[in-house]
Every structure is written in C-alpha cells, then in structure tokens.
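Chains as they are written, first to last, in the numbering used here: chain V, 276 to 515; chain P, 7 to 543; chain W, 2 to 100.
Every residue, glycine too, gets a C-beta built ideally from N, C-alpha and C.
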Amino acid sequence: MSEAHPGYQPPPVAIHPPGHGHTPHHPYLQHHFDNMEQQAEASTLGMWTFLVTEIMFFGGLFMAYLVYRWQSPLGFQEASHHLNIYWGAANTAILIISSLTMALAVRAAQTSQPVRTQIGWLVSTMVLGAAFLGIKAIEYSDKFRDHIVPGPYFQWEGLYPKPAEQFYSLYFAMTGLHALHMVIGLGIMAVITWMASRKTFDSEYYTPVEVAGLYWHFVDIVWIFLFPLLYLIGRHYHAA
Amino acid sequence: METTAAPLNYLNNGHGLASWLLTRDHKRIALLYLWSITVFFFLGGFFALMIRLELLTPAADMVQPETYNKLFTMHGVVMVFFFLIPSIPAVLGNFLLPIMIGAKDLAFPRINLLSWYIYILGGMFTLVAAITGGVDTGWTFYAPYSTSASNSHVITAGVGIFITGFSSILTGLNFIVTTHRMRAPGMTWFRLPLFVWAHYATSLIMILGTPVIAITVLLVAVERGLHLGIFDPALGGDPVLFQHLFWFYSHPAVYIMILPAMGVVAELVQAFSRKNIFGYTFVAFSSLAIAIIGFLVWGHHLFVAGQSTYAGLVFSIISFFVAIPSAVKVFNWTATIYKGSVSWDSPMLYAFGFIGLFSIGGLTGLFLATLGMDIHMHDTYFIIAHFHYVMVGGAIFGYLGGMHYWWPKITGRMYPEGWARFAALNIFVGFNLTFFPQFIVGYLGMPRRYAMYAPEFQIYNVLSTAGATILGIGYLIPMDYFTWSLKYAPLAGDNPWGARGLEWEIPSPPPTENFTATPIVTEGTHQYAPSREVGIV
Amino acid sequence: MSGHVAPKSMYYAVFAALILGTALTVAAAFIDMGALNNVVMLAIAVTKAALVVLFFMHVRWGTRLTWVVAASGFFWLLILFGLTMQDYLTRGWVDGTWR
C-alpha cells in the first residue's frame with residue numbers, strides 16, 4: 276500500500292498535442308476520440324443503449340396490453356378480429372423487406388460500394404417505410420369510418436364492448452407510437468441518404484449508416500411483436 | 007485579489023454567452039446545470055417553506071386545502087425531477103467523470119449539451135404549470151384523480167416531466183458509453199474511482215427505468231385528454247396498473263438520487279482519512295447490486311393499494327435484501343475512517359452527516375418494508391421523515407459535501423472554511439429538528455398531504471417548522487460564500503486537499519481538454535499511503 | 002468500424018426465414034391449439050426478433066458488451082412483466098388466511 280511509485284506516470288511529452296498540427300486523421304474523427312475504431316464502437320454502443328430505453332418505453336405499453344388481455348381474453352379476441360389481417364400481414368412483409376434493404380445499405384457502405392448503390396438501398400428502405408405508413412393511414416381511417424376509435428364516439432356492435440374499447444385504446448397507442456418512430460426513422464434515413472449522396476461513407480467510415488440501421492431494425496422488431504399480438508388473437512374461432 | 011494573467015482554462019477559454027450556450031465542454035455544461043438546478047432547488051424550497059408555514063397551526067388557515075395540495079405537489083415534482091435526479095450526476099458527474107477516467111470529454115459532447123436544453127425545456131413546462139395554477143395530485147400523479155377528477159394542470163406538468171426524462175436518459179447513456187470506451191490506457195475497471203462506479207450504476211438505472219415513467223406519464227396525459235380508459239376504473243381502466251408502472255421507475259429513481267451521493271462519500275472518506283477505501287471491490291459491486299436489486303422492490307409502495315398479499319410478501323423480502331449492499335457501503339466507509347488520519351474539513355463534515363443520517367433513513371426504510379408496520383405507517387409523516395432522511399440527510403449532504411470538496415477544482419478558488427463549517431453545522435441541526443419530530447408524529451398517526459391535523463400534533467409541527475427555518479438559512483450560507491469566493495477568495499492550487507485522483511493532478515481550474523497528454527495509469531488512482539507526503543508527485 | 006462483412010446470401014437467407022416465419026404465424030393463428038397458440042406465436046416472434054438482432058443488427062459478430070446490452074433490455078422487460086403479473090395472478094390466492 277505504501278509503494279514508492281506514484282499512481283500514474285507523469286504525462287510523456289507531446290503524444291497528442293492539442294490543435295491541428297498533429298498527425299493527419301480521418302476528417303470525420305471527432306477530437307475527443309483517439310481513433311476511428313473507438314469512435315465507431317462508442318457510437319454503436321450509444322445506439323444500443325438508446326435502443327434499450329426504447330425497449331423499456333414500448334415495454335410499458337406491452338405491460339398494459341398483458342394485464343388487459345389477461346383480464347379480458349375473449350373481449351380482446353373479439354376486438355382483434357375486426358383488424359384487417361391482410362393489411363397487417365402486408366405491413367409485416369413490407370417492414371421485413373425494408374430491414375433487408377437497410378441491412379444491404381449498411382453493407383454497401385461497409386464495402387465501399389458506389390454512391391449510386393448505397394442510395395438505391397437507402398431510398399428503397401424509405402419507400403417501403405412510407406408504404407407502411409400509407410397502409411396504416413388506410414387502416415386508421417377505416418377505424419374512424421367504423422366508429423371504433425376510443426372516446427366519446429366509440430360504437431361497438433359486437434360482444435364485449437368495454438374490452439373492445441380497451442383493445443383499441445392499446446391498438447392506437449401501440450401502433451401510433453410505432454408509426455411515430457417510423458416517421459422519425461424516415462427523417463433519419465433522409466439525412467443518411469443526403470450524407471451518402473455527398474460521398475461520406477466507405478469502409479473506413481460508415482458508422483452513421485450502421486447506427487441508423489440499428490434504429491430501423493429495432494422499429495421492425497417492435498412490429499414483429501405487435502402484429503401477432505394485435506392482429507392474430509384467436510383467429511381460429513372466426514373464419515377470417 | 008490576484009491580478010496576474012490567469013492561464014488558459016475552461017472558464018476563460020472563450021467569452022460571451024454564445025461560448026457557454028453552444029459549448030461542448032463537459033465542464034461548462036456541468037456549470038450550466040449547476041446554475042439551473044440551484045434555481046429549481048430554491049423554487050422547491052419555497053414550496054417547502056409554504057408547507058411548513060401552513061402546518062404551524064392545526065387548521066387550514068393560511069391557504070385553502072386545494073392550494074395546499076398544489077404546494078406539496080409542486081414541492082415534490084420540482085425537488086424530485088428537477089433537483090435530486092439531475093443534481094450530482096449532471097453537475098459533479100458531468101464535470102468529473104471524463105477527468106477521473108483520463109478522457110478529454112464524454113463520448114457524446116453534443117448530446118450532453120442537448121440534455122441540458124431538454125432539461126430546461128421540461129423545466130419551462132413545469133414552471134408554466136406552476137405559474138398558471140399548479141398541480142394538486144401529489145408528485146405521484148395517482149390515477150384516477152390525475153386522469154379524471156383533478157382540475158389542475160396535470161398534462162402540462164406531465165409533459166414537462168416526460169421531456170426532462172430524456173435529459174436523464176441522455177446523461178445516463180453518455181456516462182455508460184464513456185465509462186466503457188473512453189478510459190485512459192491502464193485505467194482498468196478495478197482502478198476506477200468509486201465515484202465512477204457509482205455513476206455507472208446510476209446510469210444503468212436511468213437507462214432502464216426512466217422510459218417506463220415516460221410512457222406512464224404519456225398515458226396519463228392521453229387518458230386525461232382523450233378520455234381513454236387505461237387507468238380510470240370508471241372508464242374500464244385499472245388504477246393499480248398505474249401504480250405498478252409509476253413505481254417501476256420511481257423506486258429505482260430514489261437510487262438514482264442516492265447512488266451518486268454514495269460515490270461522493272466514498273471519495274470524501276478516503277481523502278479526509280488519508281486512507282484507501284476498505285474493501286474497494288465490495289463497495290464497487292455494491293453500487294451495481296443496489297441498482298439491480300432496486301428494480302425488484304417497487305411493490306412495497308403498493309402494500310395497501312390492492313396488490314395481492316402474496317406479491318406484498320415477495321416485494322417485502324426483496325426490499326430487505328436491497329438494504330444489504332447499502333449496509334456494506336456504510337460498514338466499509340466506517341472501516342476506512344477507522345485508524346485513518348481524519349481531518350474535519352467541511353466536506354468531511356458532510357460525509358459524517360451522510361453516514362449517520364443515511365443510516366437512520368435507511369433503517370427506517372426497513373420498518374416500512376415490513377408489511378405489518380407499513381399498514382400502520384403508510385401515508386403518514388413517518389414515510390415523509392424516512393425519505394427526507396435519505397434524500398436530504400443522504401443525497402443533499404452528499405451533494406453539498408461534493409460541491410465543497412471539488413469547488414476548488416471547479417473554480418480555482420478556496421471558499422472560507424470557517425463559514426463552511428458553520429453552515430454544515432447549521433444545516434445538520436436544522437435538518438434534524440425539521441424531520442426527526444416527523445418520525446414521531448407520523449408514528450402517532452398524523453397523515454401526510456393534509457393541510458389540517460389533530461391539535462395534539464401541533465408541538466411536533468412547530469418544532470419541525472422551526473427546524474425548517476434554520477435549515478433554509480443554512481442553505482443560503484454556502485450560496486453566499488461560494489459566490490463571494492469566485493472573486494475574492496484565495497486561489498486554491500491544483501491539490502488543496504492533498505488528495506489522490508486524476509482530477510487533482512491537473513490544474514485548478516482545468517484546461518479545456520483536461521489533460522495535455524493522455525495519462526497512462528499504472529495502478530489505482532486512490533493510493534493513499536499514510537507514511538508518504540501527499541500532494542507531491 | 003472494422004466490422005465483419007457478411008455475404009449478401011446470408012442477408013437473403015435471413016430475409017427468407019423472416020417471411021417464412023410470418024407466413025407460419027399467420028397460418029398457426031387459424032389452427033386451434035388451445036393454450037399452445039400463444040406459445041407458438043411467441044416462439045415464432047422471438048425467433049424472428051432474434052434473427053434480426055443477430056444477423057441484421059450484427060450482434061452475431063459484435064462484442065460481448067453489445068450482446069449483454071441487447072439482452073439486458075429484453076431481460077428487464079421480463080422483470081417488469083413478471084413481477085407485475087405475479088401480483089395479478091395471485092390476487093385470488095390469500096383470503097385472509099394462510100390457505
């Protein structure tokens with residue numbers, strides 16, 4: 276405990292002197308990082324940490340869903356049948372394809388593909404995302420038309436009206452929050468696409484694409500759970 | 007007053023409002039936070055003063071009961087969300103974490119600045135709610151009162167809390183990534199200062215817990231605005247579900263408030279006993295244990311809410327377990343002080359205060375974790391005394407101790423020690439006089455959140471209000487001498503305490519980039535050797 | 002980031018698996034398996050999510066830290082679900098006696 280040597284060595288002279296005049300580095304290396312690898316690792320860890328918060332954020336809604344479905348299983352089943360399984364399945368497929376195009380966009384940047392290729396995958400992802408939102412808009416307007424939007428104008432023709440209203444409260448809350456994340460995702464993708472168009476990304480620096488990809492895949496994963504939980508409850512009791 | 011030209015440091019490196027409002031320097035951001043949380047602290051303190059004035063007499067004769075409800079609500083909201091949760095992490099954590107691990111800044115400096123702006127935005131919403139009439143639901147926003155019956159500005163305050171939650175999340179995210187990826191060469195996990203371990207554990211809670219209250223507050227606003235039946239039983243909702251979701255965050259939140267203070271105390275007892283911490287590994291892991299076990303106990307807030315008895319049992323047992331890592335810390339700090347070379351400088355006075363008062367607060371928590379006792383004491387002043395002992399006697403004492411200890415590093419000035427000791431004593435006496443009677447009167451049955459009470463409780467309330475006055479004056483004294491010290495106090499030098507740690511090896515105030523060259527660490531940064539002279543490299 | 006470069010064929014294979022999983026989960030919803038319906042549905046969803054996490058999000062070739070972070074998020078959700086549901090599921094258990 277009482278060794279003679281100090282806790283650290285005195286700083287060696289001028290390893291990383293401040294200011295520009297030191298060894299050239301990648302233009303996108305921020306100065307508080309030592310090298311590109313550290314920066315990339317920090318960025319991906321940061322996005323994963325953020326995604327954990329998103330898991331817990333959506334998790335609160337899934338918790339409410341769990342409690343209310345456990346309390347009213349038949350009511351939720353009835354309510355679920357009113358959702359259009361074709362739109363739901365189509366949206367699921369759309370998002371899965373968009374995850375593929377997103378992953379290929381990351382790969383294109385990672386392997387220094389031409390800007391044309393990168394943008395092709397990125398724009399495809401955005402188009403699919405927009406298509407998803409378009410279908411959601413159709414579904415939402417159908418609900419308004421059928422008066423199954425919770426609130427003072429809710430009219431349920433079938434069995435279990437109270438659980439049905441709860442189901443649709445959760446439906447709008449969960450898919451609405453998800454759609455909001457899609458919209459934000461489209462914004463992020465637009466920025467990434469613009470950066471790609473300026474020849475920003477190659478195998479040495481593609482972190483923003485990777486990180487945007489993580490976000491996009493997460494939003495896909497949320498839908499992977501939302502689809503069966505909302506659209507596929509007890510379908511065997513009802514011919515579609 | 008020194009007139010020599012000061013060397014370039016983070017304070018004089020760039021002048022003007024823009025250089026502060028657009029800064030990426032974690033040290034400047036820490037000061038932005040310091041200014042803002044101090045404002046909110048005194049706002050919360052003002053509400054507390056009003057509460058204590060009303061409670062001087064048994065009748066609700068100073069304010070209407072409806073107004074009183076708003077006073078205790080705003081006191082809680084402001085103190086919890088806008089003072090306690092940010093305080094140590096956003097001020098001391100932001101300032102010290104990069105320096106303590108040998109880094110130039112946090113991993114995401116711009117996100118750090120963004121977190122401050124988000125905090126200010128959330129604060130604005132809450133201020134608007136306060137100014138336009140306040141909220142009267144209690145800081146706990148229980149449904150269905152908050153979602154249906156209350157006529158107050160629940161949505162505005164809720165939005166404010168929602169927004170501020172993101173400030174907390176971004177701070178935690180930054181700390182986690184920084185600690186994992188930005189440590190200097192040789193700075194292994196088990197050479198880290200315990201302050202860093204404490205903040206890492208705190209950040210885990212911020213990440214895993216805050217989003218749940220975010221969605222809960224959002225649902226309250228949605229239910230209130232759109233009359234959806236989520237928590238209101240009249241609309242088919244479940245009010246106990248609200249409490250589960252609310253406390254899933256809000257219980258771990260109290261560990262967000264106390265863990266950083268514990269990290270501060272670990273630093274203080276080492277520095278002012280001139281001794282390495284006893285049981286470093288145990289203390290480091292105890293921070294993680296508190297963070298993790300703290301997520302498993304929230305149902306102890308629902309013992310009388312309609313939760314099943316079985317679940318109450320489970321939460322009660324785990325609540326006993328969560329006390330163990332806290333006890334480990336108290337034992338290890340005490341063992342550190344034992345046979346150390348103890349000095350009674352003002353930071354150490356706060357550390358001693360913390361150890362005693364946190365122990366009382368923590369032990370009374372065990373009373374409340376006992377199912378049978380809690381049925382008697384739930385919603386009484388016993389609970390209020392319990393959490394003020396840990397939140398004020400614990401967290402605020404830790405905050406003040408840390409502010410005193412690192413003030414010379416942050417500002418380059420040494421505050422007047424005589425006044426500091428007087429203030430510490432003042433605060434200690436005022437605090438105990440305020441809150442100890444509340445244990446008694448709570449046990450005797452005085453309920454919380456009422457503007458009126460039975461006449462036989464008055465003596466305790468008068469004592470408590472007297473204490474609160476002394477406490478309030480005590481808080482003002484450091485405000486005065488800290489501000490004075492900025493211009494008139496002597497320069498502090500790099501290591502006025504003769505302490506160990508990377509922050510004491512750089513100038514006071516530090517240069518913007520912290521280190522002129524990356525430090526290379528060869529052993530733990532807190533090697534106190536009693537036989538060695540300190541302060542000399 | 003000097004990440005692992007996976008061949009395009011891998012991405013297409015995972016994509017095919019995800020589409021297949023979707024088709025399976027829709028089909029399974031129309032078959033009465035009693036209590037197993039929920040189990041099957043969850044199993045398929047979790048598998049699809051795992052495929053996305055491991056392959057599209059590169060966790061398969063990432064650091065152990067990334068894996069721990071990703072897993073802890075889902076684990077914490079289980080804590081929320083589990084400890085809350087143990088309240089609801091035991092509401093009827095104790096009727097004031099120890100029976």
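| query | result |
| --- | --- |
| Contact set between Gly305(P) and chain W, taken where Cβ atoms lie within less than 8 angstroms | Leu84, Asp88 |
| Cα-Cα separation between Gln388(V) and Asp477(V), rounded to whole angstroms | 7 angstroms |
| Delimiting residues of the alpha helix (DSSP H) encompassing Tyr151(P) | Neither: Tyr151(P) is in no alpha helix (DSSP H) and is coded neither H nor E. |
| Cβ-based contacts, 8 angstroms cut-off: residues of the segment 73–93 of chain P near chain V | none |
| Cutoff 8 angstroms: Gln313(P) Cβ touching any chain W Cβ | yes |
| When Trp469(V), Thr450(V), Phe308(V), Tyr490(V) are compared against Ile394(V), the one with the closest alpha-carbon | Trp469(V) |
| Outcome for Tyr428(V) when other beta-carbon atoms lying within 10 angstroms are tallied against a minimum of 16 | exposed |
| Per-residue burial, Asn467(P) [other beta carbons within 10 Å of its own, 16 or more giving buried] | buried |
| Buried versus exposed, by CB contacts within 10 Å (16 or more), His5(W) | exposed |
| Under the three-state DSSP convention, the category Pro453(P) falls into | strand |
| Short CB-CB distance (under 8 angstroms) between Leu214(P) and chain V | yes |
| Contact between the segment 293–312 of chain P and the segment 222–240 of chain P (3+ Cβ pairs under 8 angstroms) | no |
| Touch test, the segment 315–323 of chain P against the segment 271–291 of chain P, Cβ-Cβ under 8 angstroms, three pairs minimum | no |
| Member of Ala204(P), Gly243(P), Gly407(P), Thr153(P) whose CA lies at the smallest distance from the CA of Pro353(P) | Gly407(P) |
| Buried or exposed by the 16-neighbour rule on C-beta atoms within 10 Å, applied to Val83(P) | buried |
| Residues from the segment 478–492 of chain V in contact with chain W, defined by Cβ distance under 8 angstroms | Tyr481, Thr482, Glu485, Gly488, Leu489, His492 |
| As assigned by DSSP and simplified to three states, the class of Tyr459(P) | coil |
| Lys110(P): first and last residue of the uninterrupted alpha helix (DSSP H) it sits in | Segment: none, Lys110(P) is in no alpha helix (DSSP H) and carries neither H nor E. |
| The segment 197–206 of chain P contacting the segment 93–106 of chain P, beta-carbon criterion three pairs below 8 angstroms | yes |
| CB contact below 8 angstroms: Ala406(V) versus chain W | no |
| Sequence-distant residues of its chain with Cβ nearer than 7 angstroms to Val398(P) (five each side left out) | Phe437 |
| Reduced DSSP secondary structure (H/G/I, E/B, other) of Thr386(P) | strand |
| Contact under 8 angstroms by Cβ, Asn15(P) with Pro516(P) | yes |
| Tyr480(V) (DSSP reduced to helix, strand or coil) | strand |
| Own chain partners of Trp122(P) with C-beta closer than 8 angstroms, once the 5 adjacent residues on each side are dropped | Ile35, Leu38, Tyr39, Ser42, Ala96, Ser173 |
| Neighbourhood of Ala113(P) by C-beta, 7 angstroms cutoff - its chain only, sequence neighbours within 5 removed | Asn180, Val183, Thr184, Arg187, Met188 |
| Asp417(V), enclosing alpha helix (DSSP H) - first and last residue | 390–420 |
| Own chain partners of Gly312(P) with C-beta closer than 7 angstroms, once the 5 adjacent residues on each side are dropped | Val246 |
| Buried/exposed call for Lys49(W), threshold 16 Cβ in 10 Å | buried |
| Secondary structure of Leu497(P), DSSP reduced to three states | strand |
| Own chain partners of Asn432(P) with C-beta closer than 7 angstroms, once the 5 adjacent residues on each side are dropped | Ile476, Ile479, Gly480, Ile483 |
| Complete alpha helix (DSSP H) runs within the segment 350–379 of chain P (minimum length 4 residues, chain order) | 352–375 |
| Partner residues on chain W for Ile330(V), Cβ-Cβ distance less than 8 angstroms | Gly74, Phe75, Trp77, Leu78 |
| Three-state class that DSSP yields for Arg473(V) in the structure shown | coil |
| Rounded C-alpha distance that separates Thr392(V) from Phe327(P) | 57 angstroms |
| Cβ-Cβ distance between Ala227(P) and Gly164(P) below 8 angstroms | yes |
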